[in-house]
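In my numbering, the protein residues as written are 15 to 120.
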């Protein structure tokens, strides 16, 4: 079930509506998440347990006008993940080689 949020403590639902009048804020009881809908379709699932300023920032960030920025951020994040994976692989190989050399010298 989806419960439409009209009034909340910090007026976050109203702030989301100010960002785009088509937006409605709902609470999805099935996944226990707040969601933003436009014309009855989910456009964003908020990753927060509560409605607060972060929700407004996330809604603004994910707007289509910011698509280029979002894609750049995704690319940067993916590059960082790749670097971390590569570093872990190198560390694992170095550790294994060190272990093998120690065993040979015993």
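Ideal Cβ positions, reconstructed from N, Cα and C, are used throughout, including at glycine.
Considering only their Cβ atoms, is the gap separating residue j from residue i smaller than 7 Å?
i	j	result
residue 60	residue 52	no
residue 18	residue 40	yes
residue 65	residue 48	yes
residue 37	residue 26	no
residue 77	residue 42	no
Which residues in the same chain have their Cβ closer than 6 Å to the Cβ of residue i, if we skip the five residues on either side of it in sequence?
i	result
residue 57	50
residue 90	none
residue 21	none
Which residue or residues does DSSP assign as beta-bridge partners of residue i?
i	result
residue 42	16, 47
residue 37	52
Could you check where the beta strand (DSSP E) with residue i kicks off and where it finishes?
i	result
residue 58	55-59
Between residue i and chain C, is there a C-beta pair that is closer than 7 Å?
i	result
residue 38	Structure shown: chain C not included; a single protein chain is present.
For the alpha helix (DSSP H) holding residue i, just list the boundary residues, first then last.
i	result
residue 75	67-75
residue 98	81-118
Only counting the same chain, and skipping five residues up and downstream in sequence, which positions put a Cβ closer than 8 Å to that of residue i?
i	result
residue 74	33, 80
residue 101	none
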